[in-house]
Amino acid sequence: MTEESLRADGGRSHDDRRVREGHLSGDDLTAYVCPNGHATFPGHQRCPECGEHQMESLDLSETEATVVTWTTSTATPPGVREPNHLAIVEFDLEAALEGSDTFTPGTVDGPIRTLAQLTTGDVESGDRVEPTYVDELREPGAGIREPDSQSWDGYRFQPVED
Amino acid sequence: MRPGDCSRMREVAIIGASMTQFGQRDAWIRELLAEAGDACLDDAGVESGDVDHLYVSNMASGEFEGMTGVPNALAHDLGCLGAYTQRVDQTSSSGGAGLYAAWQSVASGASDATMLVGGEKMTHRTTAEATDVIASLTHPAEYKHGVTLPSFAGLTARHYLERFDAPRESLAKVAVKNHENGTRNPHAQFQKEVDLETVMNSPIVADPLRLYDFCPITDGSAALMLVPVEDAREYVGDDAYAVVSGVAGATDTHVVHEREDPTVMAGVVESGKRAFDMAELDPGDVDVAELHDMFTILEFLQMEGLGFAEHGMAWERVEAGETKMDGALPINTSGGLKSKGHPLGASGVAQAVEIYEQVVGEAGSRQVDADVALACNVGGFGNCVITTILEAGQ
Chain A
1 MTEESLRADG GRSHDDRRVR EGHLSGDDLT AYVCPNGHAT FPGHQRCPEC
51 GEHQMESLDL SETEATVVTW TTSTATPPGV REPNHLAIVE FDLEAALEGS
101 DTFTPGTVDG PIRTLAQLTT GDVESGDRVE PTYVDELREP GAGIREPDSQ
151 SWDGYRFQPV ED
Chain B
1001 MRPGDCSRMR EVAIIGASMT QFGQRDAWIR ELLAEAGDAC LDDAGVESGD
1051 VDHLYVSNMA SGEFEGMTGV PNALAHDLGC LGAYTQRVDQ TSSSGGAGLY
1101 AAWQSVASGA SDATMLVGGE KMTHRTTAEA TDVIASLTHP AEYKHGVTLP
1151 SFAGLTARHY LERFDAPRES LAKVAVKNHE NGTRNPHAQF QKEVDLETVM
1201 NSPIVADPLR LYDFCPITDG SAALMLVPVE DAREYVGDDA YAVVSGVAGA
1251 TDTHVVHERE DPTVMAGVVE SGKRAFDMAE LDPGDVDVAE LHDMFTILEF
1301 LQMEGLGFAE HGMAWERVEA GETKMDGALP INTSGGLKSK GHPLGASGVA
1351 QAVEIYEQVV GEAGSRQVDA DVALACNVGG FGNCVITTIL EAGQ
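Chains A and B supply the protein sequences, listed in that same order.
Reminder that position 68 of the first sequence reads as 68 in our numbering, one-by-one numbering, no gaps.
Reminder that position 31 of the second sequence reads as 1031 in our numbering, one-by-one numbering, no gaps.
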């Protein structure tokens, strides 16, 4: 890249632009945050809210969440367990920020949610749940998606014991 | 010129339309497209060699059938050699997106006659395989959890019912209505009524939604012919034609859980607003509408997103019977995707075929009194949306 094109490009080089491993794919339960404090899970090349690059990350793999809504799917595609309990859950953002070295509470805008499998169909909207690691959420290669193009491990959510 | 200002574009007319029998067909994708395209040429009175642009709306012929490059194949099979061709894929809204592209081609002056043919061949695959082809539009972080489009519908329906205190039966009434309408559509996959009890007792697919809350898997094709309004009379003589008075698209998030409000489809809201602006019309001006009822809950979300009902209130209009054939705003007179069927790339085109037939007075036993008609075609789970408004030509 010439010096001139670097300037026209906001000073970014090809290396800056190369997508960090896991950033766009949502491999880990990690949210990505832009300089304006907008957070998303999974990450995006530019912030959907303001178009800035998402330079920071926030681990959510030990953060509790609340069930926003849930379903049990009884007609599942190849390689997926049946029935498949699924939920959209919303993370306790302030708890995640308290456990972070990078951020202080109140500096990141939520909500941050994820779609995920549940360990049980015995839930209600509003229930507290927590992530639990599973090494294979779905059998790679059984469906149409190229097995090497994405990860297949991840987190299910289980009810938090009182 | 501000974006979306079409005042310097040519006005565009639809002068012909066709659709094949929807359902389980022996024909493959090339044959389905050729059948609808052939009928559309006849209906419009346009010679094969006079088609300047030929667009094919199709989501996944490669994935379903191992057949790619279908627009070129269709041009050859219909004698439209020399025409410019392209495939338009926008998943389930490929048909609407194809109509937007076809409109652009004529409005801009690039083409004086554009034929749009939408089609999909799906039923040779198992339900699980077809569901997976469609679910391949999801983000890796969603796909690995085994999410399907029906699962998104279940998640959204539960949230809607809980938040707005709507009865589960109100969703079932969408299915009952659309099946009733489908009995009047000879091209529909299902031409039989279902009662409320049957819907409510059908097997659960994605709790709280049941089998009859979902559209079937379908083979089929549909086509439209577009020319400049100034040329329309040359083709139709004294017969009626339709004017594309509004057409616009918009996108929402790819990742569904990133939406601020799970009951609002921003792509529906934005594409609707743009189409109404372009047509200089309001939701109250619409006489009949085709909405993308791939799942019953989507009919509520689109009614609200397009301004036919307040947020959280669409179920009340359905309960009151206002969206039935004889109601204040008939919705899905064709039977909708629910009863007519949903061959992905064909669906948006078939929606436009229905509203075209309504405004030109060719809808037969489904005919309602309509000068202004709207179609909303939804891709993904609201990921991309096209809204089209047709008016009767003068």
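By construction, the Cβ of each residue, glycine as well, lies at the ideal position given by its N, Cα and C atoms.
Remember, it's a predicted structure, so these values are computed and weren't measured experimentally.
Which residue comes first and which comes last in the alpha helix (DSSP H) that contains Phe1064 of chain B? From DSSP, the alpha helix (DSSP H) with Phe1064 of chain B extends over 1061 to 1065.
For Val33 of chain A and Glu56 of chain A, which I take to be in contact (beta-carbon distance under 8 Å), what is that distance rounded to the nearest angstrom? Going by Cβ atoms, the distance from Val33 of chain A to Glu56 of chain A rounds to 4 Å, so yes, they are a contact pair.
For Ala1102 of chain B, the first and last residue of its enclosing alpha helix (DSSP H): That run of the alpha helix (DSSP H) goes 1094 to 1107.
C-beta contact flag for Pro1208 of chain B and Ala1157 of chain B at 8 Å: In this structure, Ala1157 of chain B lies closer than 8 Å to Pro1208 of chain B by Cβ.
Relative to the C-alpha of Glu21 of chain A, which candidate in A:Asn36, A:Tyr155, A:Gly37, A:Gln45 has its C-alpha closest? Taking only the C-alpha atoms, the option nearest Glu21 of chain A is A:Gln45.
Cβ of Gln117 of chain A within 8 Å of any chain B Cβ: With a threshold of 8 Å between beta carbons, Gln117 of chain A makes contact with chain B.
Please confirm if the region 119 to 139 of chain A is in contact with the region 97 to 108 of chain A, defined as three or more CB-CB distances below 8 Å between the two stretches. Counting Cβ pairs under 8 Å, fewer than three are found: no touch.
Between Glu4 of chain A and chain B, is there a C-beta pair that is closer than 8 Å? For Glu4 of chain A, the pLDDT reaches just 45, beneath the cut-off of 50, and the residue's location in the model is therefore unreliable, leaving the point undetermined.
On the criterion of 16 or more Cβ atoms from any shown chain inside 10 Å, does Cys1006 of chain B qualify as buried, or is it exposed? It is buried - the Cβ of Cys1006 of chain B has at least 16 other Cβ atoms within 10 Å.
Skipping 5 residues on each side, what residues in its chain have a beta carbon closer than 7 Å to that of Ala1073 of chain B? Hits under 7 Å: Arg1030.
Chain-ordered chain A contacts of Val1255 of chain B [CB-CB under 7 Å]: Within 7 Å of the CB of Val1255 of chain B, the CB atoms of chain A belong to Pro42, in sequence order along the chain.
Whole angstroms is fine: what's the gap from Ala1309 of chain B's alpha carbon to Leu1078 of chain B's? Approximately 43 Å between the Cα atoms of the pair.
Residue closest to Arg1210 of chain B, alpha-carbon to alpha-carbon, out of B:Ile1217, B:Pro1216, B:Thr1218, B:Asn1201: That would be B:Asn1201, whose Cα lies nearest to the Cα of Arg1210 of chain B.
Would you identify the three-state DSSP class for Asn1377 of chain B, choosing helix, strand or coil? Under the three-state reduction of DSSP output, Asn1377 of chain B falls in the strand class.
Can you tell me which of B:Asp1239, B:Glu1230, B:Ala1188, B:Ala1223 puts its alpha carbon nearest to the alpha carbon of Val1349 of chain B? Nearest of B:Asp1239, B:Glu1230, B:Ala1188, B:Ala1223 to Val1349 of chain B, Cα basis: B:Ala1223.
In chain order, each alpha helix (DSSP H) run of at least 4 residues that lies wholly inside the region 72 to 102 of chain A: DSSP runs (the alpha helix (DSSP H)) wholly in the region 72 to 102 of chain A: 93 to 98.
Expressed to the nearest angstrom, what Euclidean distance is found between the alpha-carbon atoms of Met1059 of chain B and Arg1087 of chain B? Cα-Cα distance, rounded: 9 Å.
Length at least 4, wholly inside the region 1013 to 1070 of chain B: the alpha helix (DSSP H) runs in chain order: Within the region 1013 to 1070 of chain B, the complete alpha helix (DSSP H) runs of at least 4 residues fall at 1029 to 1044, 1061 to 1065.
Return the CA-CA distance between Ala1242 of chain B and Val1051 of chain B, expressed in angstroms with no decimal places. The alpha-carbon atoms of Ala1242 of chain B and Val1051 of chain B are separated by roughly 19 Å.
Answer with yes or no whether the minimum CB distance from Leu1155 of chain B to chain A is below 8 Å. Output row for Leu1155 of chain B: interface = yes.
Endpoints, the beta strand (DSSP E) within which Ile1389 of chain B is located: Taken as a continuous stretch (DSSP letters only), the beta strand (DSSP E) holding Ile1389 of chain B covers 1384 to 1392.
Hey, how far is the Cα of Ala1414 of chain B from the Cα of Ser1094 of chain B? One cannot answer for residue 1414 of chain B here, as it falls past the ends of chain B, which runs 1001 to 1394.
Between Ile1355 of chain B and Glu1290 of chain B, is the Cβ-Cβ spacing less than 8 Å? In this structure, Glu1290 of chain B lies closer than 8 Å to Ile1355 of chain B by Cβ.
Would you verify that the beta carbon of Thr1388 of chain B is, or is not, closer than 8 Å to some beta carbon of chain A? Contact with chain A is absent for Thr1388 of chain B, since none of that chain's Cβ atoms lies less than 8 Å from the residue's Cβ.
If distances are taken between C-alpha atoms only, which option among B:Gly1082, B:Gln1024, B:Ser1092 comes closest to Phe1295 of chain B? Of the candidates B:Gly1082, B:Gln1024, B:Ser1092, the one whose C-alpha sits nearest the C-alpha of Phe1295 of chain B is B:Ser1092.
Got a sec? Which residues, its chain only, sit under 8 Å from Ala1232 of chain B by beta carbon, not counting five neighbours each side? So the list reads Ala1013, Ile1015, Tyr1241, Gly1393, once near-sequence residues are dropped.
Is the beta carbon of Val1255 of chain B closer than 8 Å to that of Ala1141 of chain B? Contact: yes.
Measure from the C-beta of Thr1127 of chain B to each C-beta in chain A and report whether the shortest distance is under 8 Å. Nearest CB-CB separation between Thr1127 of chain B and chain A: below the 8 Å threshold.
Could you give the DSSP three-state label for Asp1005 of chain B: helix, strand or coil? Coil.
Residues that Leu25 of chain A contacts on chain B, provided the C-beta gap is smaller than 9 Å: Checking the displayed sequence, the identity of residue 25 of chain A turns out to be Ser instead of Leu. Within 9 Å Cβ-Cβ: His1139, Pro1140, Ala1141.
Leaving out five residues before and five after Val1236 of chain B in sequence, what residues of the same chain have Cβ atoms less than 7 Å from its Cβ? Annotation for Val1236 of chain B: Ile1015 place their beta carbon closer than 7 Å to its own, counting only its chain and skipping 5 residues before and after.
Which same chain residues, not among the five before or five after His38 of chain A, have their C-beta less than 7 Å away from its C-beta? Result list for His38 of chain A: Cys47, Glu49, Cys50, Asp109, in chain order.
Whose CA, out of A:Ile144, A:Leu115, A:Thr63, A:Ser151, lies closest to the CA of Gly1066 of chain B? Nearest option by C-alpha distance: A:Ile144.
Would you check if there are 3 or more beta carbon pairs closer than 8 Å linking the region 1122 to 1131 of chain B to the region 56 to 72 of chain A? Contact fails: fewer than three Cβ-Cβ distances are below 8 Å.
For the region 1101 to 1121 of chain B and the region 1338 to 1348 of chain B, state whether three or more C-beta atom pairs, one from each stretch, are separated by less than 8 Å. Short answer: they touch.
Taking the alpha carbon of Asp1195 of chain B as the reference point, which residue from B:Pro1150, B:Asn1181, B:Arg1317 has its own alpha carbon closest? Closest option to Asp1195 of chain B, Cα to Cα, is B:Asn1181.
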